[in-house]
Amino acid sequence: MSTNKLKKILQTEGLTRRDFMVRATALGVAAAPASALWSSSAKAATPNKGGTLRLAIGHGSTTDSLDPGTFENLYMQVVGSTAYNQLTEVDNNGDLVADLAESWDVTDDAVVWTFNLRKDVEFHNGKTMDADDVVASFQHHMGEDSKSAAKAILDPIDGIKADGKDKVVFTLKSGNADFPFIVSDYHVAILPAKDGAIDATSGIGTGGYSIENYEPGVRTALKRNPSYWKQDRAHFDAAEVLAIIDVAARTNALTTGEIDAMDRVDLKTAHLLARDKNVSIEEVSGTQHYTFAMHTDVAPFDNNDVRLALKFGIDRDALVKTILRGHGVVGNDHPIGRSNRFHADDLPQRPYDPEQAKFHLKKAGLDSLKVDLSAADAAFPGAVDAAVLYKEHAAKAGIDINVVREPNDGYWSNVWLKKPWSAVYWGGRPTEDWMFSTAYAEGVPWNDTHFSHARFNEILVTARSELDDAKRREMYFEMQKILSDEGGVIIPMFANYVMGLSKKVQHDKLGANWSMDGFKCIERWWFG
Amino acid sequence: MVAQRLALGLLTLFVVSLIIFLGVELLPGDLAEAILGQSATPETVAAFRRELGLDLPPHTRYIEWLGGMVQGDFGVSLANNREISELIGVRFKNTLFLAAIAAIISVPLAVTLGVLAALYRNSLFDRAINIVTLSSISFPEFFVAYILILVLSINANIFPSISNVSSDIGFWEHVYRVMLPALTLTLVVVAHMMRMTRAAIINLLASPYIEMAMLKGISRSRIITHHALPNALAPIINVIVINLAYLVVGVVIVEVVFVYPGLGQLFVDSVIKRDIPVVQASCLIFAATYILLNLTADVLSILSNPRLMHPK
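From first to last, the protein sequence lines are chains A and B.
Numbered according to the numbering used here, the first sequence spans residues 1 to 528.
Numbered according to the numbering used here, the second sequence spans residues 529 to 840.
See below:
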């Protein structure tokens, strides 16, 4: 039992060997087996080559396109991340590593970034990658007429130009220490340029696999790129990615050996699937989280004691257990996940404490509180159930939550950002700055809590252009504390990415930045 | 007689095309606004309308659309600018393939069972057949599909649980991979055809010429196959053709359960994304299939009936 638990810890949490041995001792597992477990999980030895990986993704539609600017579902994200590369990559430990750019320099104010490109990279059509391709690939997402989903994140770029064949210089509108993270975004793939523009739907990239056959919403056949420059990647000879929307069909396909891996295991039946001898269930805790967002400028939520009362009035453990069926971790009312670089580990976890909640209500001058909470299952799977459970938890603190069940249709246009308290789903962002600037900076369109905090906004800007990691860590810790103690958002839980794999499939530690090993499963996994 | 039927078929198709076009016209809101969504500014809407020719009066657009359809030009998909004919072509071929396999299994099976049931009327065999086929038609398709997956795929491991087909697999491989959906469809349609065959034959067994045949001392099986069946063909053909049409246009659920890339899945995808040209084209193809098959039924009934073939 404790060994299994230990395995789970090993899979879901990014621990060092030392941390791991400490946890093992705490669980009463002897040093020798624990140590063996550690080395078996670090099974990076020598991956086998060959085979065809068959993958089923629970997304994908006939209307999809190979244009990276249009990627919006996991199907295209996985296909795109296999056929294309970006300048940088977030590796399976959450660290930024070189990809098409072998190194980068920055001026002290973090405004001018120079990326030095690799010289030995060929596109699938044989063309050698150079700086013009990079410039054209970025310009595809920028400019007035761009319909790209990456337009907003590239907005801070003031100018971009090629400096010789293998140097690209970006000038930003203001300093941003996280810029190398932004260029790792899956939309900003590097495609070959012709006459200064890319053919966005050609499907030709630099990735470890080239697209042989692409039927939108059905299947994609990929073949190994023989001239791929990454020596320790792309182990399969070929891969096939199927769009199987129906979770029962996906599960059947996995148990009957029609496919080797699938995303989004049905949480209700995950424990049954785990009994299958040929299937292993893998999960990682990333940045995906579910929230209840309050408008901090609307009564009664404009009083921080009311907000704190509501934060103490929710039983997070119970929600993780019932809504996520254990496939997740509790949240601490800030949107930074455990896999993020600057997660505030030492921030005390807020408990479920009706007495504290009563205390804060009294401090706000109230004996009881009656509030409306808008929810629909479009917000996140199980949102309505979560709201009803919350109502029961809060009732013990004298808070009467009236759960308003909203229609799924039009939830994001009519309820979210409009109703003063609503349930919300966030996929999370790879960096702290990205997350905070998207949803918590003053005045940004997706600030769903109408949060406006002078100190918070001030550090946000300072931290963005600070290049010293230690100083940034301090600043981001403070911001997480501000949000947790004064913010308008209740974040009860972070949901894991839960995947089903055939036992044949081997992998290193799974990346937690996105589902399917950071979208890179085809390039990173192998058959044992 | 046959020419009149053909003309009526064409007329029906024309009326259907008119209804499809008018139906889309009547949708609330503007197509350009619906597609542009939040980014709809007056300029982009105007540009979009010009691009799609939405600024022209309806009758001009209808004639252009119909003209294109007649020449096989279905236009382009709004979502990814692909040629609709190319998009639909592969999918329709897959749908027809599945329908054909299902028909090859189900039609002979249903007619044989129907004849046998008529031959051994009210026997244990007749009742057993009736109970089995009626139960299989009474369950929803997806339930039948899941039962088949459980028995034939998960437990026995004979057929694959998903119909993963692509253009580069061979004919027999394709047949093998669509076996489970084809069996599901067979179970769903057999009862209807089988009972109609049985009823049509039994109906005739009371007629004087059959009695005459019996008095001559011909065996029961010969009476049914040589004397009753040819005269019962017209109603049997009709019900077979209705079921064939169902096999082509009514299989969306089966396609979803088995992840089979047919026209039904394309249709559902396009409705969700409001890809109107694809929806229109699919509707017209479904309608044409229905009309064509019914026309075939009419023509075959006429051909199988000497009184209609050679009117006095």
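All C-beta atoms, glycine included, are put in the ideal place defined by N, C-alpha and C.
Using only CA atoms, which one of B:Tyr674, B:Asn833, B:Val807, B:Ala575 lies nearest to phenylalanine 602 of chain B? Position 74 of the second sequence, counting from 1, holds the residue named residue 602 of chain B. Of the candidates B:Tyr674, B:Asn833, B:Val807, B:Ala575, the one whose C-alpha sits nearest the C-alpha of phenylalanine 602 of chain B is B:Val807.
Serine 148 of chain A burial status per 10 Å Cβ neighbour count (16 or more: buried): Position 148 of the first sequence, counted from the start, is the residue given in the question as residue 148 of chain A. So serine 148 of chain A counts as buried.
Proximity below 9 angstroms, CB of asparagine 558 of chain A to CB of leucine 373 of chain A: No statement about residue 558 of chain A is possible, as the shown extent of chain A runs from 1 to 528 and does not include it.
How is threonine 76 of chain A classed by DSSP in three states: helix, strand or coil? Taking the first residue of the first sequence as 1, we reach residue 76 of chain A at position 76. The residue you asked about is not threonine; residue 76 of chain A is methionine in the sequence shown. Helix.
Interfacial residues, the region 213–230 of chain A to chain B, with Cβ spacing under 8 angstroms: Those residues of the region 213–230 of chain A that come within reach of chain B (Cβ to Cβ, closer than 8 angstroms) are Asn213, Glu215, Pro216, Gly217, Val218, Arg219, Ala221.
According to DSSP, residues forming a beta bridge with phenylalanine 292 of chain A: If you number the first sequence from 1, residue 292 of chain A lands on position 292. The bridge partners DSSP lists for phenylalanine 292 of chain A are A:Ala423, A:Ile490.
Among A:Ile336, A:Arg233, A:Val111, A:Arg316, which residue has its Cα nearest to the Cα of histidine 507 of chain A? Translated into positions along the first sequence, residue 507 of chain A becomes position 507. That would be A:Arg233, whose Cα lies nearest to the Cα of histidine 507 of chain A.
Could you pull out every residue in the same chain whose Cβ sits closer than 7 angstroms to the Cβ of isoleucine 690 of chain B, ignoring the five residues on either side in sequence? In the second sequence, the residue the question calls residue 690 of chain B occupies position 162. Excluding positions up to five away in sequence, the list reads Phe786, Val787.
Any beta-carbon of chain A closer than 9 angstroms to the one on phenylalanine 786 of chain B? In the second sequence, counting from the first residue as 1, residue 786 of chain B sits at position 258. Yes, its Cβ sits closer than 9 angstroms to a Cβ of chain A.
Measuring only between beta-carbons, confirm whether serine 65 of chain A sits less than 9 angstroms from chain B. Taking the first sequence and counting its residues from 1, one reaches residue 65 of chain A at position 65. Chain B contact via Cβ: present.
Whole angstroms are fine: how far does the CA of phenylalanine 687 of chain B sit from the CA of tyrosine 704 of chain B? Working through the second sequence from its first residue, we reach residue 704 of chain B at position 176. Working through the second sequence from its first residue, we reach residue 687 of chain B at position 159. Roughly 7 angstroms between the two C-alpha positions.
Between serine 148 of chain A and chain B, is any beta-carbon pair separated by less than 9 angstroms? The residue labelled residue 148 of chain A in the question sits at position 148 within the first sequence. For serine 148 of chain A, the answer is no, since every Cβ of chain B falls outside 9 angstroms of its Cβ.
Is there a C-beta anywhere in chain A that falls below 9 angstroms from the one on proline 805 of chain B? For the purposes of this step, residue 805 of chain B is taken as the residue at position 277 of the second sequence. Chain A, which has no Cβ nearer than 9 angstroms to the Cβ of proline 805 of chain B, makes this no.
Separation of threonine 255 of chain A from serine 285 of chain A, as counted between CA atoms: Along the first sequence, one-based indexing puts residue 285 of chain A at 285. Along the first sequence, one-based indexing puts residue 255 of chain A at 255. The straight-line gap separating the alpha-carbon atoms of serine 285 of chain A and threonine 255 of chain A is approximately 24 angstroms.
Would you identify the three-state DSSP class for lysine 358 of chain A, choosing helix, strand or coil? Along the first sequence, read from residue 1 onward, the residue named residue 358 of chain A stands at position 358. Helix.
Just list the residues that DSSP pairs arginine 54 of chain A with in beta bridges. As a position in the first sequence, residue 54 of chain A is number 54, starting the count at 1. A:Glu240, per the DSSP bridge assignment.
Leucine 483 of chain A versus A:Leu308, A:Arg473, A:Ala274, A:Val298, residue with shortest Cα-Cα distance: Locating residue 483 of chain A in the first sequence gives position 483, counting from the first residue. Closest by alpha carbon: A:Leu308.
From valine 539 of chain A to glutamate 592 of chain B, what does the alpha carbon distance come to, in whole angstroms? Not covered by the structure: residue 539 of chain A. The range shown for chain A is 1 to 528.
Which residues of chain A have a Cβ atom closer than 9 angstroms to the Cβ of serine 694 of chain B, listed in chain order? As a first step, residue 694 of chain B is located in the second sequence; it is residue number 166 there, counting from the start. Per Cβ cutoff of 9 angstroms: Asn213, Glu215, Val218, Arg219, Ala221, Glu240.
Backbone secondary structure at asparagine 402 of chain A - three-state DSSP: Translated into positions along the first sequence, residue 402 of chain A becomes position 402. The answer is strand: DSSP assigns asparagine 402 of chain A an E or B state.
Could you check which residue in B:Val643, B:Leu554, B:Leu791 has the C-alpha nearest to that of leucine 757 of chain B? Taking the second sequence and counting its residues from 1, the one referred to as residue 757 of chain B is at position 229. Measuring from the Cα of leucine 757 of chain B, the nearest candidate turns out to be B:Val643.
Can you give me the start and stop residues for the alpha helix (DSSP H) that arginine 705 of chain B sits inside? Position 177 of the second sequence holds residue 705 of chain B. Per DSSP, arginine 705 of chain B belongs to the alpha helix (DSSP H) from 699–705.
Consult DSSP for lysine 370 of chain A and reduce its assignment to one of helix, strand or coil. As a position in the first sequence, residue 370 of chain A is number 370, starting the count at 1. Note: lysine 370 of chain A maps to strand in three-state DSSP.
When DSSP labels each residue in this structure, what does methionine 837 of chain B get in the three-state scheme? Locating residue 837 of chain B in the second sequence gives position 309, where the first residue counts as 1. Three-state result, methionine 837 of chain B: helix.
Tell me, please, whether the region 234–244 of chain A touches the region 663–681 of chain B by the rule of three or more beta-carbon pairs shorter than 8 angstroms. no
In the DSSP assignment, find the beta strand (DSSP E) that holds tryptophan 104 of chain A and state where it starts and stops. Position 104 of the first sequence, counted from the first residue, corresponds to residue 104 of chain A. Run containing tryptophan 104 of chain A: 101–106, per the beta strand (DSSP E) assignment.
Residue interval of the alpha helix (DSSP H) (run including leucine 87 of chain A): Working through the first sequence from its first residue, we reach residue 87 of chain A at position 87. Where leucine 87 of chain A is concerned, there is no enclosing alpha helix (DSSP H), given that its DSSP letter is neither H nor E.
For the region 247–258 of chain A, enumerate the residues whose C-beta is nearer than 7 angstroms to any C-beta of chain B, in chain order. Legend: CB atoms of the region 247–258 of chain A lying less than 7 angstroms from CB atoms of chain B belong to residues Ala249, Asn252, Ala253, Thr255, Thr256, Glu258.
Whole-angstrom distance between asparagine 822 of chain B and phenylalanine 814 of chain B, CA atom to CA atom: Reading the second sequence from its first residue, position 286 is the one you call residue 814 of chain B. Reading the second sequence from its first residue, position 294 is the one you call residue 822 of chain B. Going from the Cα of phenylalanine 814 of chain B to the Cα of asparagine 822 of chain B covers about 12 angstroms.
I need the straight-line Cα distance from glycine 217 of chain A to aspartate 64 of chain A, nearest angstrom please. Reading the first sequence from its first residue, position 217 is the one you call residue 217 of chain A. Reading the first sequence from its first residue, position 64 is the one you call residue 64 of chain A. C-alpha separation (whole angstroms): 7 angstroms.
In or out: alanine 32 of chain A buried (at least 16 other Cβ within 10 Å) or exposed? Counting from one through the first sequence, the residue named residue 32 of chain A turns up at place 32. The predicted position of alanine 32 of chain A is uncertain, since its pLDDT is 49 and thus under 50; no value can be drawn from it.
Taking C-beta pairs closer than 7 angstroms, name the residues in chain A that serine 689 of chain B reaches, listed in chain order. In the second sequence, counting from the first residue as 1, residue 689 of chain B sits at position 161. Near serine 689 of chain B (Cβ distances below 7 angstroms), the residues of chain A are Asn252, Ala253, Thr256, Glu258.
Within 8 angstroms: the Cβ of glycine 487 of chain A and any heavy atom of the ligand MG? With respect to the ligand MG, the structure offers nothing, as it holds no ligand at all.
Same chain, Cβ closer than 6 angstroms to alanine 794 of chain B, neighbours up to 5 away in sequence not counted: Numbered from 1 along the second sequence, position 266 holds the residue referred to as residue 794 of chain B. The sequence shown places leucine at residue 794 of chain B, not alanine. So the qualifying residues of the chain are Arg619.
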